[in-house]
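J.:
Protein chains: 2
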Amino acid sequence: MSIAARTVQVSPGGRPASGYDILLEPGSSAALPRFLTERLPDCRAAVVVTDEHLQTVATPMADALRGVGVTAKVHVVAAGERSKSLESMHGIFEALLDLKADRRACLVAVGGGVVGDLTGYAAASYMRGIALVQVPTSLLAMVDSSVGGKTGVNLPRGKNLVGAFHQPAGVLIDPDVLATLPDREYHGGLAEVVKYGVISDAEFFAWLEKHAEAILAREAGVLVPLIARCCELKAAVVAADEFETTGVRATLNYGHTFAHAFENLAGYGVLSHGEAVSVGMTCAARLAVARGMIEQAVFDRQTALLQRFQLPIELPAAVDASADAVLAAMRSDKKNVAGALRLVLPVRLGEVRIFADVPEEQVAAALVAS
Amino acid sequence: MSIAARTVQVSPGGRPASGYDILLEPGSSAALPRFLTERLPDCRAAVVVTDEHLQTVATPMADALRGVGVTAKVHVVAAGERSKSLESMHGIFEALLDLKADRRACLVAVGGGVVGDLTGYAAASYMRGIALVQVPTSLLAMVDSSVGGKTGVNLPRGKNLVGAFHQPAGVLIDPDVLATLPDREYHGGLAEVVKYGVISDAEFFAWLEKHAEAILAREAGVLVPLIARCCELKAAVVAADEFETTGVRATLNYGHTFAHAFENLAGYGVLSHGEAVSVGMTCAARLAVARGMIEQAVFDRQTALLQRFQLPIELPAAVDASADAVLAAMRSDKKNVAGALRLVLPVRLGEVRIFADVPEEQVAAALVAS
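If you want it as structure tokens, here you go:
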């Protein structure tokens, strides 16, 4: 293991028995066969799921798996949110059946959040659960969606409406693959990175401010500690609240109640998820300032860092940002309980709390700069 | 609670926290609102899933739920195995969305194994898991599929290939509804009842022999203890091995490796599941006699009881029972590991063990009476 390598342990719900590790190392894509066989010694068949943009990454992985005696094939889904569907999941089942995959088979997800969520739900479901190895290739997937066991697909009437909690057997992160990630996707991932600082680690937030230039330049020397710290912070949340029942995990939703509404109103694809989160965090922080919960200076630091990372802090003109439309979309968020809006708001840099009693007029006022 | 009522506690995996109870009482269908609200006090919306033959049972249940402040609607699926599909599950999601169901909503499964398995998987999946109440209406569902948390649907290429382990919040069994169950379905359920005796309770087996006439006449005085004992036996297995990992749960599969092959070869519907299990148990017991594991007398008692319950002990002539065809179908059973046939065979009345080393010629020889 090179000196740049890091390992993060995850113990969902505090149960070491269901624990797994995240291996974070430049160039580790080539180490998949060893990573997989160490964790799944009985696995003899694997389907490597990826999207069409990543076939050149996934194909050598499947070849390498065959080299260690695992029957492997690549299954390609279309890139984009539309592949997070029950139909796409059925396609993965067919690929498993083609390999005569039994319960010892595994799925390997090579891609961003769409591939990871879809493949994870397929792994949770095939024969009531087979093993999953996550190989996230986008920054967003590395710091967020590949850790924590949330999997799922969309329905025509909404995102992530069905799925399962299914922890992976391991997560293999090769930061080198970020070199070719499109700028807009990379910056979108940074929105979630900033989020971790605001919700739980002021020191990490300051570290991000200090290294903003190197982060934007995707220097390996900062990417490894950056991703590792995000994974550690998420792992701590998942250890405390695996199934989103105690409220701890809900803190990860900072900015997201706004963001989901914005994504709905914009139509998927107009705003990236990270861009929506960036605007959502801006609204949430503005609301916290208006309620006297944080100083204006906290809002300003968050805004400056988001902008430094080339993220928007307001909606594009094309999106209907009327208060009525946004509030209606927010009310339909599945995280709400019994109809009340649940908002995650900062109480200082590095700490958030959940509020279910914010008047809708206050929420509406926070949508735009006054 | 009437003196005829019984309650069986289930603690999957030995974890009391995920435990639930089975309430078994003649006439208890009318008690659904209290049963549900006691266990799910926060539930405000419920979809009652049933098939077209049971609408007259399910509709008053939904009406009664509305009477206690739970927004409820009946969702009807076509009767029969074809409804165990991803498409039917999507229909249940749509019904939940129509009610704006949040994570506190629940699903109520009123029906046999098809409705229970389908609805259970939908409950496991909607918003990554909502509560489920099982109201089994067939004998098979009462003694087997409603207990233990196995849920799932079929794929075009095979039965039960996808699903989840999802324990219900409670199971409500009203033996009175068995009065109108078609004979063939009732007898099919008795195959699983006989199975419990053979695999784990010789005393219960003898009780079944003694009360065969009253059982066939569906007398309430025998139905309550019969169903309760089967639920207790299954609950003990589920407590020891919730996720089918230790081999204990696999003992429930007695006769089923044969049966699944027979069902595949016959085409779904020609043989009922219970009929296939009856023939499968006969083959398994014959194999055990041939291997010198049990006395001929055990085989004879099992055969006599199955026949007393009007169950077949050999395949109908229309089914291709050639050894090659049966063995090929058995090899594709998802319970197999690494290609070896895993067979559950009796070692005495009331005890079975798992064998992975039975030569295929022996299996072939056990398919027909010599």
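Protein sequences appear in the order of chains A and B. For the first sequence, our numbering assigns the number 58 to the initial residue and increments by one for each residue that follows. For the second sequence, our numbering assigns the number 58 to the initial residue and increments by one for each residue that follows. We treat Cβ as the ideally placed atom computed from N, Cα and C, and that holds for glycine.
1) Can you list the residues of chain A that Phe222(B) reaches, using a CB-CB cut of under 7 Å?
2) From the DSSP secondary-structure annotation, give me the bridge partner or partners of Gln503(B).
3) Per DSSP, Glu50(B) forms a beta bridge with which residues?
4) Can you find the residues in the same chain that come closer than 7 Å, C-beta to C-beta, to Ala333(A), ignoring five residues on each side of it along the sequence?
5) Distance, Cα to Cα, Leu290(B) vs Glu276(B)?
6) Answer yes or no: do Gly322(A) and Ala271(A) have a C-beta to C-beta separation smaller than 9 Å?
7) At a Cβ cut of 9 Å, what residues of the stretch 164-188 of chain A count as close to chain B, listed as they run along the chain?
8) Can you give me the C-alpha to C-alpha distance between Tyr428(A) and Phe150(A), rounded to a whole angstrom?
9) State yes or no: is the beta carbon of His313(A) nearer than 9 Å to at least one beta carbon in chain B?
10) Answer yes if the stretch 236-249 of chain A comes into contact with the stretch 183-197 of chain A, meaning at least three C-beta pairs across the two stretches below 8 Å, and no otherwise.
11) Under three-state DSSP, which class holds Met58(B)?
12) Could you tell me whether the Cβ of Met146(A) comes closer than 9 Å to any Cβ of chain B?
13) Val204(B) and Met146(B) look like a contact to me (Cβ under 8 Å); what is the Cβ gap, rounded to whole Å?
14) Given Leu280(A), which residues of its chain have a CB within under 6 Å of its CB, disregarding the five upstream and five downstream residues?
15) Please report the straight-line C-alpha distance between Asp414(A) and Val104(A), rounded to a whole angstrom.
16) I need the straight-line Cα distance from Gly70(B) to Glu418(B), nearest angstrom please.
17) Helix, strand or coil: which one does DSSP assign to Ile79(A)?
18) Could you tell me whether the Cβ of Leu402(A) comes closer than 9 Å to any Cβ of chain B?
19) Please report the distance separating the alpha-carbon of Ser59(B) from that of Pro83(B).
20) Classify Asp298(B) as buried or exposed, calling it buried when 16 or more other Cβ atoms lie within 10 Å of its own Cβ.
21) Could you tell me the alpha carbon to alpha carbon distance between Arg365(A) and Arg96(A), rounded to whole angstroms?
22) For Lys267(B), which residues of its own chain have a beta-carbon under 7 Å away from its beta-carbon, when the five flanking residues on both sides are left out?
23) What residues from chain B crowd round Arg214(A), counting only those whose CB sits closer than 9 Å?
24) Helix, strand or coil for Asp414(A) per DSSP?
25) Can you check DSSP and say which residues form a bridge with Gln66(A)?
26) Who are the neighbours of Val219(A) on chain D, taking C-beta pairs under 9 Å?
27) Taking Arg185(B) and Gly220(A) to be in contact with their CB atoms under 8 Å, please state how far apart those CB atoms are, rounded to whole angstroms.
28) What did DSSP end up calling Phe261(B) once you bin it into helix, strand or coil?
29) Between Thr208(B), Ala87(B), Thr314(B) and Asp155(B), which lies nearest to Phe222(B) when the distance is taken from Cα to Cα?
30) For Leu143(B), decide whether its Cβ has a neighbour in chain A, counting only Cβ atoms nearer than 9 Å.
31) As a quick exercise: from Val171(B), Glu109(B), Val401(B) and Met118(B), pick the residue whose alpha carbon is nearest that of Gly304(B).
32) Hey, quick one: how far does the alpha helix (DSSP H) through Val334(A) stretch, first residue to last?
33) Tell me which residues of the stretch 115-132 of chain B have at least one Cβ-Cβ distance to chain A shorter than 9 Å, keeping chain order.
34) Kindly list, in the order they appear in chain A, the residues whose Cβ is closer than 7 Å to that of Gly209(B).
35) Taking only the alpha-carbon atoms, compute the straight-line gap between Phe300(B) and Glu260(B) and give it to the nearest angstrom.
T.: Judging by the given coordinates:
1) Taking the second sequence and counting its residues from 1, the one referred to as residue 222(B) is at position 165. Arg185, listed in chain order.
2) Outside the shown range of chain B, which is 58 to 427, sits residue 503(B), and nothing can be said about it.
3) Nothing can be reported for residue 50(B), as the shown portion of chain B is limited to 58 through 427.
4) Numbered from 1 along the first sequence, position 276 holds the residue referred to as residue 333(A). When the five nearest sequence neighbours on each side are left out, the beta carbons in the same chain lying within less than 7 Å of the beta carbon of Ala333(A) are those of Ala316, Phe319 and Glu320, in order along the chain.
5) In the second sequence, residue 290(B) corresponds to position 233, counting from 1. In the second sequence, residue 276(B) corresponds to position 219, counting from 1. Distance between the alpha carbons of Leu290(B) and Glu276(B): 21 Å.
6) As a first step, residue 322(A) is located in the first sequence; it is residue number 265 there, counting from the start. As a first step, residue 271(A) is located in the first sequence; it is residue number 214 there, counting from the start. Checking the sequence shown, residue 322(A) turns out to be Leu, not Gly. 9 Å or more divides the Cβ of Leu322(A) from the Cβ of Ala271(A).
7) So the list reads Tyr178, Ala179, Ala181, Ser182, Tyr183, Met184, Arg185 and Gly186, given in the order they occur along the chain.
8) With chain A covering only 58 through 427, there is no way to say anything about residue 428(A).
9) Taking the first sequence and counting its residues from 1, the one referred to as residue 313(A) is at position 256. It does not; no Cβ of chain B falls within 9 Å.
10) Yes, they touch.
11) As a first step, residue 58(B) must be located in the second sequence, where it is residue number 1. Reliability fails at Met58(B), whose pLDDT of 39 lies under 50, so the model's placement of it is uncertain and no value is given.
12) If you number the first sequence from 1, residue 146(A) lands on position 89. So, interface residue.
13) Along the second sequence, one-based indexing puts residue 204(B) at 147. Along the second sequence, one-based indexing puts residue 146(B) at 89. So it is not a contact: roughly 21 Å between Cβ atoms.
14) Position 223 of the first sequence, counting from 1, holds the residue named residue 280(A). Apart from the 5 residues on each side of it in sequence, Leu280(A) sits with its Cβ closer than 6 Å to the Cβ of Pro232 in its chain, given in chain order.
15) The count along the first sequence starts at 1 and reaches residue 414(A) at position 357. The count along the first sequence starts at 1 and reaches residue 104(A) at position 47. Approximately 47 Å, taken between the alpha carbons.
16) Position 13 of the second sequence, counting from 1, holds the residue named residue 70(B). Position 361 of the second sequence, counting from 1, holds the residue named residue 418(B). Between Gly70(B) and Glu418(B), the C-alpha separation is close to 37 Å.
17) Residue 79(A) sits at position 22 when you count from the first residue of the first sequence. It is a strand residue.
18) The count along the first sequence starts at 1 and reaches residue 402(A) at position 345. At least 9 Å separates the CB of Leu402(A) from every CB of chain B.
19) Translated into positions along the second sequence, residue 59(B) becomes position 2. Translated into positions along the second sequence, residue 83(B) becomes position 26. Reliability of the predicted coordinates at Ser59(B) is poor, the pLDDT of 48 falling under 50, and the value obtained from them is presented with this limitation in mind. If you take the alpha carbons of Ser59(B) and Pro83(B), they lie about 8 Å apart.
20) On the second sequence, residue 298(B) is found 241 positions in, with the first residue counted as 1. Buried, by the Cβ-count rule.
21) By one-based count along the first sequence, residue 365(A) stands at place 308. By one-based count along the first sequence, residue 96(A) stands at place 39. Cα-Cα distance, rounded: 40 Å.
22) Along the second sequence, read from residue 1 onward, the residue named residue 267(B) stands at position 210. Nothing meets the Cβ criterion.
23) Within the first sequence, numbered from 1, the residue matching residue 214(A) stands at position 157. The answer, in chain order, is Phe150, Glu151 and Leu154.
24) Stepping through the first sequence from its first residue, residue 414(A) is reached at position 357. Coil.
25) Looking up residue 66(A) in the first sequence gives position 9. Per DSSP, Asp78(A).
26) Going by chain labels, chain D is absent from the structure shown, which instead holds the protein chains A and B.
27) For the purposes of this step, residue 185(B) is identified with residue 128 of the second sequence, where counting begins at 1. For the purposes of this step, residue 220(A) is identified with residue 163 of the first sequence, where counting begins at 1. At roughly 5 Å, the Cβ-Cβ gap stays under 8 Å, so Arg185(B) and Gly220(A) are in contact.
28) Within the second sequence, residue 261(B) is the residue found at index 204, counting from 1. Judged by DSSP in its simplified three-state form, Phe261(B) adopts helix.
29) In the second sequence, counting from the first residue as 1, residue 222(B) sits at position 165. When the alpha-carbon of Phe222(B) is set against those of Thr208(B), Ala87(B), Thr314(B) and Asp155(B), the nearest one is in Thr208(B).
30) Taking the first residue of the second sequence as 1, we reach residue 143(B) at position 86. True, the Cβ-Cβ gap to chain A drops below 9 Å.
31) The residue given as residue 304(B) occupies position 247 in the second sequence. Selection Val171(B), Glu109(B), Val401(B) and Met118(B) evaluated against Gly304(B) yields Val401(B) as nearest (Cα-Cα).
32) Numbered from 1 along the first sequence, position 277 holds the residue referred to as residue 334(A). Going by DSSP, Val334(A) is part of the alpha helix (DSSP H) stretching over His330 to Ala347.
33) None of the residues of the stretch 115-132 of chain B has a beta carbon lying less than 9 Å from any beta carbon of chain A.
34) The residue given as residue 209(B) occupies position 152 in the second sequence. Under the 7 Å cutoff, chain A gives Arg185.
35) The residue given as residue 300(B) occupies position 243 in the second sequence. The residue given as residue 260(B) occupies position 203 in the second sequence. Separation of Phe300(B) and Glu260(B) (C-alpha to C-alpha, rounded to the nearest whole angstrom) is 28 Å.
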